[in-house]
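Novice:
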Amino acid sequence: MEIEGHPTQDLIEELERRGGLRVEGTSLGPQEETLRFVGERIGEVPGTWLFLPRQAYATGFDEIPQ
Numbered sequence: 054m055e056i057e058g059h060p061t062q063d064l065i066e067e068l069e070r071r072g073g074l075r076v077e078g079t080s081l082g083p084q085e086e087t088l089r090f091v092g093e094r095i096g097e098v099p100g101t102w103l104f105l106p107r108q109a110y111a112t113g114f115d116e117i118p119q
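Start counting the sequence shown at 54; every next residue gets the next number (the working numbering).
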C-alpha cells in the first residue's frame, strides 16, 4: 500500500511532470535499450542522470513505484 504523500514518490512524480523520464538500469547506468528509447524520444539534450536504488523505496510502508 502506498502512503499518500510519500516524499520519494512525490519527488519522482514532480520531476516527471517537469519532463523527467523514469528509466530502468543498475548502478552501472541505464540499460542500453532504454538509452535508445530516451534518445529517440527527446534527442540529445543536456541533463542529469539520478541513480535511485530500490532500497530508497523499501521503507516497509509503501510499494515500489511503477
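Cβ coordinates follow ideal geometry from the N, Cα and C atoms, glycine included.
#1: From Gly72, Thr61, Leu64 and Glu67, pick the residue whose C-alpha is nearest to that of isoleucine 95; which is it?
#2: Bridge partners for threonine 79 per DSSP, in chain order?
#3: In angstroms, rounded to a whole number, what distance separates the CA positions of isoleucine 65 and leucine 81?
#4: Work out the CA separation of leucine 105 and proline 99 for me, nearest whole Å.
Specialist: On the basis of the coordinates in this document:
#1: Gly72
#2: Gly82
#3: 20 Å
#4: 19 Å
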